[in-house]
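Heads up: the structure comes next, in structure tokens.
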Amino acid sequence: MAISSQSERKKQLSVILCCSMDFISRSSGTDCITLCGVLRFDANMFLSGSFQKYKEPEKSVRVEEIDGVKLVKNLAVKMEEMFRRKAEATRRLVEAAEEAHHQHEDNPDLQYEYFNAVLINEVDEEGNNVELGGEFLLEPNDHFNNLSVNLSLSVVQVPTNMYNKDPDIVNGVYWSEALNKVFVDNFERDPTLIWQYFGSAKGFFRQYPGVKWHPDEHGVIGFDCRNRKWYIQAATSPKDVVILVDVSGSMKGLRLTIARQTVSSILDTLGDDDFFNIIAYNQEIHYVEPCLNGTLVRADRANKDHFREHLDKLFAKGIGLLGEALSEAFTILSDFNQTGRGSVCSQAIMLVTDGATEMYDDVFEKYNWPERKVRIFPYLIGRESAFADNLKWMACANKGYFSQISTLADVQENVMRYLHVMSRPKVIDHEHDTVWTEAYVDSASVSMSLLCINISNIHGILLGVVGTDITLQELMKLIPKHMLGIHGYAFAITNNGYILTHPDLRPLYQEGQKRRKPNYSSVDLSEVEWEDKDDTVRVRLRVLKMHNDYYYTDIKGTPFSVGVALSRGHGKYFFRGNVSVEAGLRDLEQPDVALADEWTYCNTEEEHEHRHLTQIQAIKLFMTGRRPHLKCDRELIQEVLFDAVVTAPLEAYWTGLALNKSENSDKGVEIAFLGTRTGLSRTNLFVPADQDFLTAEDKEGVFNADHFPLWYKRAAEQVPGTFCPTSLIVFKLTFVWLSAVGIQMKLEFFQRKFWTACRQCTALDGKCSISCDNEDINCYLIDNNGFILVTEEQSQVLCACQYLLWFSQTFFVTRSAQRSRGKTMMVPCDTEYPAFVSERTIKETTGNIDCDGCFRSFVIQQIPSSNLFMVVVDSKCDCSGAPPVTMDPIEIILKFQKDRKKPESCHPFHPEVRGHGFLCMCVFAFIQLHIM
Numbered sequence: 001m002a003i004s005s006q007s008e009r010k011k012q013l014s015v016i017l018c019c020s021m022d023f024i025s026r027s028s029g030t031d032c033i034t035l036c037g038v039l040r041f042d043a044n045m046f047l048s049g050s051f052q053k054y055k056e057p058e059k060s061v062r063v064e065e066i067d068g069v070k071l072v073k074n075l076a077v078k079m080e081e082m083f084r085r086k087a088e089a090t091r092r093l094v095e096a097a098e099e100a101h102h103q104h105e106d107n108p109d110l111q112y113e114y115f116n117a118v119l120i121n122e123v124d125e126e127g128n129n130v131e132l133g134g135e136f137l138l139e140p141n142d143h144f145n146n147l148s149v150n151l152s153l154s155v156v157q158v159p160t161n162m163y164n165k166d167p168d169i170v171n172g173v174y175w176s177e178a179l180n181k182v183f184v185d186n187f188e189r190d191p192t193l194i195w196q197y198f199g200s201a202k203g204f205f206r207q208y209p210g211v212k213w214h215p216d217e218h219g220v221i222g223f224d225c226r227n228r229k230w231y232i233q234a235a236t237s238p239k240d241v242v243i244l245v246d247v248s249g250s251m252k253g254l255r256l257t258i259a260r261q262t263v264s265s266i267l268d269t270l271g272d273d274d275f276f277n278i279i280a281y282n283q284e285i286h287y288v289e290p291c292l293n294g295t296l297v298r299a300d301r302a303n304k305d306h307f308r309e310h311l312d313k314l315f316a317k318g319i320g321l322l323g324e325a326l327s328e329a330f331t332i333l334s335d336f337n338q339t340g341r342g343s344v345c346s347q348a349i350m351l352v353t354d355g356a357t358e359m360y361d362d363v364f365e366k367y368n369w370p371e372r373k374v375r376i377f378p379y380l381i382g383r384e385s386a387f388a389d390n391l392k393w394m395a396c397a398n399k400g401y402f403s404q405i406s407t408l409a410d411v412q413e414n415v416m417r418y419l420h421v422m423s424r425p426k427v428i429d430h431e432h433d434t435v436w437t438e439a440y441v442d443s444a445s446v447s448m449s450l451l452c453i454n455i456s457n458i459h460g461i462l463l464g465v466v467g468t469d470i471t472l473q474e475l476m477k478l479i480p481k482h483m484l485g486i487h488g489y490a491f492a493i494t495n496n497g498y499i500l501t502h503p504d505l506r507p508l509y510q511e512g513q514k515r516r517k518p519n520y521s522s523v524d525l526s527e528v529e530w531e532d533k534d535d536t537v538r539v540r541l542r543v544l545k546m547h548n549d550y551y552y553t554d555i556k557g558t559p560f561s562v563g564v565a566l567s568r569g570h571g572k573y574f575f576r577g578n579v580s581v582e583a584g585l586r587d588l589e590q591p592d593v594a595l596a597d598e599w600t601y602c603n604t605e606e607e608h609e610h611r612h613l614t615q616i617q618a619i620k621l622f623m624t625g626r627r628p629h630l631k632c633d634r635e636l637i638q639e640v641l642f643d644a645v646v647t648a649p650l651e652a653y654w655t656g657l658a659l660n661k662s663e664n665s666d667k668g669v670e671i672a673f674l675g676t677r678t679g680l681s682r683t684n685l686f687v688p689a690d691q692d693f694l695t696a697e698d699k700e701g702v703f704n705a706d707h708f709p710l711w712y713k714r715a716a717e718q719v720p721g722t723f724c725p726t727s728l729i730v731f732k733l734t735f736v737w738l739s740a741v742g743i744q745m746k747l748e749f750f751q752r753k754f755w756t757a758c759r760q761c762t763a764l765d766g767k768c769s770i771s772c773d774n775e776d777i778n779c780y781l782i783d784n785n786g787f788i789l790v791t792e793e794q795s796q797v798l799c800a801c802q803y804l805l806w807f808s809q810t811f812f813v814t815r816s817a818q819r820s821r822g823k824t825m826m827v828p829c830d831t832e833y834p835a836f837v838s839e840r841t842i843k844e845t846t847g848n849i850d851c852d853g854c855f856r857s858f859v860i861q862q863i864p865s866s867n868l869f870m871v872v873v874d875s876k877c878d879c880s881g882a883p884p885v886t887m888d889p890i891e892i893i894l895k896f897q898k899d900r901k902k903p904e905s906c907h908p909f910h911p912e913v914r915g916h917g918f919l920c921m922c923v924f925a926f927i928q929l930h931i932m
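Counting in the UniProt record's numbering, the sequence shown runs from 1 upward without gaps.
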């Protein structure tokens, strides 16, 4: 195609664009004008009609700048108070447990019937209650996710590998019945409490409120409280651990299988405050992960899973030189401790072997004596005991513990024994450290656990751990969403940098069911927040580049920190107004008004008598003085009353539209709606919709606990007064008090009107020299991120990426999500997507694409007062050979060095835990019992 003909072709394509632009902006008497008129009228009405009607409020209207430092400090104080109440509840449980145990004398012949969590309400073939079952009253309770619970009693769960009537279990269950009264009292004092529990060192688990436990699909309940992270963190101090695995020829077969399982079980006992490495040895030393020679890594889930994969690659051969392996382990622990990057607390070497031919006292004398800072825990694999004495001596001489593991069934119980030794210094110190865990995967809650000890025993016998759960929802209710702006948000992290709550850390939905993301509890803040550099930007599928100001502080009494991000231009200023309480309540109670479902205007959870109240009911009782003790956010309520008053004229306006619409129902508009920055929304249904709109189930479409609705944010991203389609919805934003107005229409209606406009021309005779009906051109309507709204090629409805690649040099800027590379670490992977964003300053552009010598012309033009673009492409050339740009994600490995704050509590040693006599007596007493 010649250059002159190319220019002529571009002129023809531009004619189509000029005709089509009127689809949104012109006044032609079509149904589209009603749509645009609604939006323009809404904005004008808010700016003029509403404020003219309420001259008194206008006098007190003001704009304030948000003080980020003050905002985050106030939020931290609220969170501190909430966590303090939970800590007090657990301390009451600790005191009750210690006193009950102190008053109890063990009776090996004790017979006691208790409510077993699995057996309650179970009957035999004759209809009688089974043993340890009994009739147990259960009633559904919405505070506990609508589970059927008993608020008067707790239940007891016993691991499947333990006998329900073992004397130790029965005695422990008997004296711990005293906790029932405290459970109930705690819940009455603080109705926001959810699950309270006591995990016994004997293995049983007492849970309040009582609830029935059900086996999984395999008929098994594999729960053992002693394996849970909250139990292990509360029972022990942070530790650095080196695991030595014997892979000499004598370890072939079943022994190596047991050894692998033993190492895996040891890894299960390590938490995020611990560091570890694994070394396999025979006549040589082999690091299980060769890339991590001579160092330790954090025991997070990703690292532990990575090492487990390498365990399967171990094979046995040669002879075992334990002395060199011990020297290497001591060297690693010493060097890593000196860097200050580890736990800087307890240290241990776990030795997994089938025997030791000597005691290696020269190695211990060189590296560990006389301080004995490193404990030795040998695990003898197999039934033979020929070399057991040397391993027993190693344990006794180095403040450790000896265990023998003969079968796979013995692994878990024997591995757990080392925790009792590691816990003794903390127990003897009588330290009731409050231990907080990260959000855990199964319940999406922050679990707080507190150590429970026997204060009467100087040797430090661990009774167990008591704790309670704190839902993330309760944490997020404290966040003042209305003060953060449209794109602002708050987040909280642990001392290890893992996210407790963040708007970008959300559940997955599969087949309508909520699923947790892999490693949900160990997502580092740097995976969702990082500094933008050069042309690299953090994006989702739709791109928005913002400048955030971050404010952060610690939450006193916890290892957590809280931060607030305020977006410049969207969250630095706050609009305040004032109206009378009478006027505000009158308009707030109108049927078209709703408040954000997950926002807290009044805290109705703290008192049982308030739980039945809706937020609007609670606001009315509080503002009229009938319930002055209700805990309400007076500032937020005053603002929402103001929004209710100034948006009240919409009800009459929409009603008038509905009456006019009844005369001609083919408008395609289903719903009109409005949202304000205080979480207030108004909706008007013009015709029965196919699906519910703005419901709590539509997580992206409603005011949520941690973010504004997607339609609200999309409207705010555009220039004020912009027509902004998003998922069949059209929006307009009025920046006077930050509210968004929009309508929902059917896509087919929208497409039909678009094609009708495209076929109309401004020529006097009304004939078009070229239009979108021509076979040699393709027409598209796309948004500012390149997603197609309208096309005749239905297979391309999702994204115009294969065309936008051509435009990226002249009109669209292509950006991809990448990160700078740091030190090599075992970290979760992320995904990289292609993304596009329009350049607002360019209103129109043209260009050519070379398809093997055939030049393909295109024209793009922005549709006025919208975020939409009309695209017309010459289709005469065959460009099928050009590779398309797909939206398929590419997996990438993110590498970064995490910063962390070490736990304040550390109890590595105690003088009463002696190195020889005391522990040796314990070891041999255990062996004698085992033989008998």
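Glycine residues also receive a C-beta, built at the ideal position from the N, C-alpha and C atoms.
Original post:
Just how far apart, CA to CA, sit alanine 100 and arginine 85?
Top reply: 23 Å
Subject >> Burial state of isoleucine 16, where buried means 16 or more other Cβ atoms lie within 10 Å >> reply: The pLDDT assigned to isoleucine 16 is 48, lower than 50, so where the model puts this residue is not dependable; a value taken from the coordinates is nonetheless given after this. By the 10 Å Cβ count, isoleucine 16 comes out buried.
Original post:
Got a sec: is the Cβ-Cβ distance from valine 263 to anything in chain D below 9 Å?
Top reply: The structure shown has no chain D; it contains just one protein chain.
Subject >> N- and C-terminal bounds of the alpha helix (DSSP H) containing serine 250 >> reply: Unbroken run through serine 250: none, as it is neither H nor E.
**OP:** Kindly indicate which residue of Asn277, Asp335, Gly294 and Phe336 has the alpha-carbon position closest to the one of histidine 310.
**Re:** Asn277
Original post:
Taking serine 875 as the reference, which of Ser866, Ile860 and Cys854 has the closest Cα?
Top reply: Cys854
Original post:
Between the region 338-355 and the region 385-402, do at least 3 Cβ pairs fall closer than 8 Å?
Top reply: yes
Original post:
What's the gap between the Cα of valine 790 and the Cα of serine 838?
Top reply: 18 Å
Original post:
So, glutamate 609 versus threonine 192, is the Cβ gap smaller than 9 Å?
Top reply: In this structure, threonine 192 does not lie closer than 9 Å to glutamate 609 by Cβ.
Subject >> Exposure of tryptophan 711, with buried meaning 16 or more beta-carbon neighbours within 10 Å >> reply: buried
Original post:
DSSP state of glutamate 670, grouped into three classes?
Top reply: strand
Subject >> Exposure of serine 866, with buried meaning 16 or more beta-carbon neighbours within 10 Å >> reply: buried
Subject >> Reduced DSSP category for proline 378 - H, G, I as helix; E, B as strand; rest coil >> reply: strand
Original post:
Quick one: Cα of glycine 569 to Cα of aspartate 783, how far?
Top reply: CA-CA distance, glycine 569 to aspartate 783, rounds to 22 Å.
Original post:
Would you report the Cα separation of aspartate 850 and methionine 870, rounded to the nearest angstrom?
Top reply: Approximately 22 Å between the Cα atoms of the pair.
**OP:** Thinking valine 562 and leucine 484 are a contact (beta carbons under 8 Å), I'd like their distance in whole angstroms, please.
**Re:** Between leucine 484 and valine 562 the Cβ distance is about 13 Å, and since that is not below 8 Å, they are no contact.
Original post:
Got a sec? Which residues, its chain only, sit under 7 Å from glutamate 135 by beta carbon, not counting five neighbours each side?
Top reply: Apart from the 5 residues on each side of it in sequence, glutamate 135 sits with its Cβ closer than 7 Å to the Cβ of Asn121 and Asn129 in its chain, given in chain order.
**OP:** Give, in chain order, every unbroken run of the alpha helix (DSSP H) that is at least 4 residues long and sits entirely within the region 169-206.
**Re:** Under the rule that a run must span 4 or more residues, the alpha helix (DSSP H) segments found entirely inside the region 169-206 read 179-189.
Subject >> 4 or more residues per run - each alpha helix (DSSP H) lying fully within the region 277-341 >> reply: Counting only runs of at least 4 residues, the region 277-341 fully encloses the following alpha helix (DSSP H) elements, listed from N- to C-terminal order: 301-311 and 322-339.
Subject >> Residue range of the unbroken alpha helix (DSSP H) whose run includes aspartate 643 >> reply: 634-646
Original post:
Is the beta carbon of isoleucine 279 less than 9 Å from the beta carbon of valine 245?
Top reply: Taking 9 Å as the cut-off, the Cβ atoms of isoleucine 279 and valine 245 count as close.
Original post:
So, is proline 108 buried or exposed, given that buried needs 16 or more other C-beta atoms within 10 angstroms?
Top reply: Exposed.
**OP:** Express the C-alpha separation of glutamate 438 and phenylalanine 560 in angstroms, rounding to a whole number.
**Re:** A straight line joining the alpha-carbon of phenylalanine 560 with that of glutamate 438 spans about 9 Å.
Original post:
Which of helix, strand or coil does DSSP assign to proline 425?
Top reply: Per DSSP, reduced to three states, the secondary structure at proline 425 is helical.
Original post:
Taking DSSP as the reference, what is the three-state secondary structure of phenylalanine 703?
Top reply: coil
Original post:
Taking three-plus beta-carbon pairs below 8 Å as touching, is the region 178-194 in contact with the region 224-234?
Top reply: no
Original post:
Which value, in whole angstroms, describes the spacing of the CA atoms of cysteine 801 and glycine 786?
Top reply: With a pLDDT of 39 at cysteine 801, under the threshold of 50, the predicted position of this residue should be treated as unreliable, though the coordinate-derived value follows. Rounded to the nearest angstrom, the two C-alpha atoms are 7 Å apart.
Subject >> Contacting residues, own chain, Cβ-Cβ under 6 Å from cysteine 632 (five flanking each side not counted) >> reply: Cys602 and Phe622
Original post:
Between the C-alpha atoms of tyrosine 550 and leucine 566, what's the straight-line distance to the nearest angstrom?
Top reply: 7 Å
**OP:** Could you spell out where the beta strand (DSSP E) holding isoleucine 743 opens and where it closes?
**Re:** From DSSP, the beta strand (DSSP E) with isoleucine 743 extends over 739-745.
**OP:** Kindly list the residues whose CB is nearer than 7 Å to the CB of aspartate 224, restricted to its own chain and excluding five residues on each side of it in sequence; keep chain order.
**Re:** Pro159 and Gly203
Subject >> Residues of its chain near leucine 380, where Cβ-Cβ distance is below 6 Å and the 5 sequence neighbours each way are ignored >> reply: Ala388, Leu391 and Gln404
Original post:
DSSP beta-bridge partners for proline 140?
Top reply: Ser148
**OP:** Spatial neighbours of glycine 249 within its chain, please: CB distance less than 8 Å, with the 5 preceding and 5 following residues excluded, ordered by chain position.
**Re:** Asn282, Ala316, Lys317, Gly318 and Ile319
Original post:
What residues in its chain sit with their C-beta under 7 Å from that of histidine 482, if we drop five residues either side in the sequence?
Top reply: Leu636, Glu639, Arg677, Thr678 and Gly679
**OP:** With a 10 Å radius around its C-beta and 16 neighbouring C-beta atoms as the bar for buried, classify alanine 757 as buried or exposed.
**Re:** buried
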